[in-house]
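**Q**
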Amino acid sequence: MTNLRAMHRPSRSVLDHRPESGSFNPVTNLPDCAGILILPWFLPSLRQPNHFSPFFPNPMRLTARIPHLTILLLTGASLFAQELPYRFQPNVMIPMRDGTKLAANVFLPSAEGKHPVILTRSPYGKADAQWGDAKRYAPLGYALVAQDCRGRGNSEGVWDPFAYDVQDGFDTLEWIGSQPWCNGRIGTSGGSYVGWTQWASAPNASRHLRCAVPVVPFADVYADIAYPGGAFQLSLLVGWGASVGGVQLNPSQLQAAYLHLPLQTLGSQFAKPVPYINDWVAHPVYDEYWKRRGIDGRFSEVEIPTLNIGGWYDIFSKTTLDLSSEVRRKSKNRLARRNQFVVMGPWAHGVGVQKVGDLDFGASAKLDLGDLQRRWFEYWLRDQDSGVEQWPAVRLFVMGENRWRDEHEWPLQRTQYRPLYLHSQGKANSSSGDGALSFDPPGELPPDHFTYDPAQPVPTTGGNNLVGAPIGPLDQSETAKRQDVLVYNSAPLPDALEVTGPVKVILFASSSAPDTDFTAKLVDVHPSGKAYNLSDGIVRARYRRGHGSEQFLVPGEVEKFEIDLWVTSNLFKPGHRLRVEISSSNFPRFDRNPNTGRRFGADSEMVKANQTVHHSPPRASHILLPVVPR
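Each residue of the sequence shown is one higher than the last, beginning at 109 in my numbering.
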């Protein structure tokens, strides 16, 4: 293959085409990687037994479901002191533009000289002297820098999540690039918030930044974290926000926080204030507050190659794919457009494992993330032929058949978006009802009705969660027995059907309330009767036409709602059924809509809402499936 390493900056390349197959294959071992995941702060509290309401998972069960999160707190610390293969400089204070100094541990190869550098910026505590990645990369000739974010660890300043990462990332890169031990080439690595700090540094980046490996990353803080579909992502924002704010909540305290009303006083029961949680509640629309805390809309400014790694059940599954796609479409830089890579496995927030939730995806689901990262840095930072030029643009894991496949783009160009219509005779309530799915459009059919009571919300049962809610694919059978859940099943499939891509539900519905929520879930029903969730979503009625302003419902009037179910890749095998579940709550992942239409966060009381879902043309509710021909 022609090597075009000088297209934009010295010692870079443009990969002009993507072969069908790449040269990297999933294998079984896991790497040491800097700060790749979060969670050391909340796992201990989840091990304490307590009494739980039907809305909340037993924390012991939750912890058992996510052992990979513990494994993937990849700091690489050794249990035994030994002579280090590098020079270690602890707590080097790096000045920012406003005079604040951020602490970093610096790891230099034993040999003097100028070296390429790998940077991680984390709010969870920088790697120490025994860092596994330093032991791996320093002998190869890399220097490494592990930094505490502003207001965290030994760094100065005030901790305000997301607020300073753009400028602090740029200033840190500029400082590293000016050091006598740096050769001017820097790559970044890490996951979750550390994936965010990488993307925060990507637009209009320092000239020293050459590549990034964001794992389970995000970039649009409003839509990815705070208000997906316009609903407040309660379990994540309270569990994570309190923990990184220095407030440790045991399970009963976490449950009380989820149930607390009004939301505008959320945190009043905490041991100390966590002011940014109240700020998040105070900004339910996409405004300047959120614009200053994200890089959405700046993809044209990205000029670096990135290797994004994520999972179908991760809280950032959609954005992991969207980030690369947006840069490919919008970057003004050819190097960046042609060098956005994505690996999507069947994982949640911990990558590289074979079992997630109730399902075992087989040994092939394991991924040697460390090898991918090493080869990436060897190519972009050291000009080594490490096989990157043969990588596919997208490598995805097709669940159901449980195998990897290489693709040229996302979404897949050959996708056929097919509407699968909701049918019933007006009695689709619960899995015992008459709800059905068909690719045939419905005729005149009666609507379905259910009552949404915020005091008895539908409990979160698996999905793209992280804190305080079950994670991954779980059996939905109990949830589907509820009368406030409309259940629509297809007939058993005569042939396999692949669904790979973005999924959404087009719902024609009305409500007795001026504001309410509608939820949707795509489920794979096995011949055994087990029903496993694939993807789900929510829409808050007042934001159905955009997140910049509120537009309330006229009670009783039919409206069109688009519910984003994010992304998936699943092969529905012969004999399996597709299922769509419609309701109005998913708690505690999302806050309960009180149905009053009053200012968000102000309600202490809740009222019931009578919901109606329509099927007849021209209001034929349906799920739009990304069907991939086979």
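Heads up, the beta-carbon is just placed ideally off N, CA and C, and yes, glycines get one too.
Quick test of your reading: residue 306 and residue 205, contact by CB under 8 Å. State the CB separation rounded to the nearest angstrom.
**A** For the purposes of this step, residue 306 is taken as residue 198 along the sequence shown, with counting starting at 1. For the purposes of this step, residue 205 is taken as residue 97 along the sequence shown, with counting starting at 1. No, residue 306 and residue 205 are not in contact; Cβ-Cβ is about 20 Å, not under 8 Å.
**Q** Counting along the chain, where does the alpha helix (DSSP H) carrying residue 348 start and finish?
**A** The residue labelled residue 348 in the question sits at position 240 within the sequence shown. It spans 342-352 - the alpha helix (DSSP H) in which residue 348 sits, taken as one unbroken run.
**Q** Would you check if the stretch 608-623 and the stretch 725-737 touch, i.e. whether three or more CB-CB distances between them fall below 8 Å?
**A** Contact holds: three or more Cβ-Cβ distances are below 8 Å.
**Q** Mind checking which residues open and close the beta strand (DSSP E) that includes residue 428?
**A** The residue you call residue 428 lines up with position 320 of the sequence shown. First-last for residue 428: 425-438, but that is the alpha helix (DSSP H), not the beta strand (DSSP E).
**Q** What residue from 703, 707 and 544 has the CA that sits closest to residue 686's CA?
**A** By 1-based counting over the sequence shown, the position of residue 686 is 578. Here the closest residue by C-alpha is 544.
**Q** Do you know how far the Cα of residue 595 is from the Cα of residue 720?
**A** Indexing the sequence shown from 1 puts residue 720 at position 612. Indexing the sequence shown from 1 puts residue 595 at position 487. When rounded, the distance between both Cα atoms is 14 Å.
**Q** What residue ranges within the stretch 224-281 form continuous beta strand (DSSP E) runs of no fewer than 3 residues, ordered along the chain?
**A** Fully enclosed beta strand (DSSP E) runs of 3 or longer: 251-256.
**Q** If you follow the beta strand (DSSP E) that residue 203 is part of, which residue opens it and which one closes it?
**A** Position 95 of the sequence shown, counting from 1, holds the residue named residue 203. From DSSP, the beta strand (DSSP E) with residue 203 extends over 194-203.
**Q** Count the other CB atoms, across all protein chains shown, that sit within 10 Å of the CB of residue 537; report buried if there are 16 or more and exposed otherwise.
**A** Taking the first residue of the sequence shown as position 1, residue 537 is located at position 429. Buried, because 16 or more other Cβ atoms sit within 10 Å of the Cβ of residue 537.
**Q** With contact counted as at least three CB pairs below 8 Å, one residue from each stretch, are the stretch 469-486 and the stretch 542-558 in contact?
**A** The stretch 469-486 is not in contact with the stretch 542-558.
**Q** Just the Cα atoms here: how many angstroms apart are residue 613 and residue 672?
**A** Walking along the sequence shown from the start, residue 613 turns up at place 505. Walking along the sequence shown from the start, residue 672 turns up at place 564. Cα to Cα, residue 613 sits roughly 7 Å from residue 672.
**Q** Given residue 159, which residues of its chain have a CB within under 7 Å of its CB, disregarding the five upstream and five downstream residues?
**A** On the sequence shown, position 51 is the one that residue 159 refers to. Because residue 159 carries a pLDDT of 27, less than 50, the predicted location of this residue cannot be relied on, and no value is offered for it.
**Q** Can you give me the Cβ contacts of residue 505 inside the same chain, cut-off strictly under 6 Å, excluding the 5 residues immediately before and after it?
**A** Taking the first residue of the sequence shown as 1, we reach residue 505 at position 397. Closer than 6 Å at Cβ, skipping near neighbours: 453, 454 and 512.
**Q** Taking the CB atoms as reference points, tell me whether residue 699 and residue 467 lie closer together than 8 Å.
**A** Position 591 of the sequence shown holds residue 699. Position 359 of the sequence shown holds residue 467. Not closer than 8 Å, so no.
**Q** In whole angstroms, give me the CA-to-CA distance for residue 525 and residue 499.
**A** Here the question's residue 525 lines up with position 417 in the sequence shown. Here the question's residue 499 lines up with position 391 in the sequence shown. Near 27 Å, if we compare the C-alpha coordinates of residue 499 and residue 525.
**Q** For residue 633, name the three-state secondary structure that DSSP assigns.
**A** Here residue 633 corresponds to residue number 525 of the sequence shown, with the count starting at 1. The answer is strand: DSSP assigns residue 633 an E or B state.
**Q** Please report the straight-line C-alpha distance between residue 738 and residue 519, rounded to a whole angstrom.
**A** By one-based count along the sequence shown, residue 738 stands at place 630. By one-based count along the sequence shown, residue 519 stands at place 411. Cα to Cα, residue 738 sits roughly 16 Å from residue 519.
**Q** Is it right to say residue 439 is buried, meaning 16 or more other beta carbons lie within 10 angstroms of its own, or is it exposed?
**A** Here residue 439 refers to the residue found at position 331 of the sequence shown. Buried is the call here.
**Q** Decide if the stretch 414-426 is in contact with the stretch 322-333; the criterion is three or more beta carbon pairs, one per stretch, under 8 Å apart.
**A** The answer is yes - the stretch 322-333 touches the stretch 414-426, with three or more Cβ pairs under 8 Å.
**Q** Between the stretch 632-652 and the stretch 578-591, are three or more C-beta pairs nearer than 8 Å?
**A** Contact between the stretch 632-652 and the stretch 578-591 is present, because at least three Cβ pairs lie under 8 Å.
**Q** Could you tell me the alpha carbon to alpha carbon distance between residue 220 and residue 251, rounded to whole angstroms?
**A** Residue mapping note: residue 220 aligns to position 112 of the sequence shown, counting from 1. Residue mapping note: residue 251 aligns to position 143 of the sequence shown, counting from 1. If you take the alpha carbons of residue 220 and residue 251, they lie about 11 Å apart.
**Q** Measure the beta-carbon distance from residue 382 to residue 294 and round it to whole angstroms, keeping in mind my assumption that it falls under 8 Å.
**A** Here residue 382 corresponds to residue number 274 of the sequence shown, with the count starting at 1. Here residue 294 corresponds to residue number 186 of the sequence shown, with the count starting at 1. Not really, about 33 Å apart at Cβ, beyond 8 Å.
**Q** Please report how far the alpha carbon of residue 392 lies from the alpha carbon of residue 344, in whole angstroms.
**A** What you label residue 392 is simply residue 284 of the sequence shown in a count that begins at 1. What you label residue 344 is simply residue 236 of the sequence shown in a count that begins at 1. Cα to Cα, the separation comes out at about 16 Å.
**Q** For the beta strand (DSSP E) containing residue 485, name the first residue and the last one.
**A** Taking the sequence shown and counting its residues from 1, one reaches residue 485 at position 377. No beta strand (DSSP E) holds residue 485; the alpha helix (DSSP H) holding it covers 477-490.
**Q** Find out if the Cβ-Cβ distance for the pair residue 660, residue 647 is shorter than 8 Å.
**A** Within the sequence shown, the letter at position 552 stands for residue 660. Within the sequence shown, the letter at position 539 stands for residue 647. Not closer than 8 Å, so no.
**Q** Could you pull out every unbroken beta strand (DSSP E) segment of at least 3 residues lying fully inside the stretch 639-704, listed in chain order?
**A** 639-648, 667-680 and 685-691, all fully within the stretch 639-704.
**Q** Is residue 426 buried or exposed, if buried means 16 or more other CB atoms sit within 10 Å of its CB?
**A** For the purposes of this step, residue 426 is taken as the residue at position 318 of the sequence shown. Buried: at least 16 other Cβ atoms inside 10 Å.
**Q** Is the separation between the beta-carbon of residue 616 and that of residue 722 shorter than 8 Å?
**A** As a working note, residue 616 is residue 508 in the sequence shown. As a working note, residue 722 is residue 614 in the sequence shown. It is a contact, given that the beta carbons lie within the stated cut-off.
**Q** What does a CB cutoff of less than 6 Å around residue 679 pick up in its chain, not counting 5 residues either side in sequence?
**A** As a working note, residue 679 is residue 571 in the sequence shown. Answer for residue 679: 506, 508, 509, 604 and 606, listed in chain order.
**Q** Find the nearest neighbour of residue 592 within the set 529, 497 and 691, judged by alpha-carbon distance.
**A** One-based indexing of the sequence shown puts residue 592 at position 484. Among 529, 497 and 691, the Cα nearest to that of residue 592 belongs to 691.
**Q** Starting from residue 505, follow its DSSP beta bridges and name the residues at the other end.
**A** Walking along the sequence shown from the start, residue 505 turns up at place 397. According to DSSP, residue 505 bridges with 512.
**Q** Around the C-beta of residue 380, are 16 or more other C-beta atoms found within 10 angstroms, so that it is buried, or is it exposed?
**A** Position 272 of the sequence shown, counted from the first residue, corresponds to residue 380. It counts as exposed.
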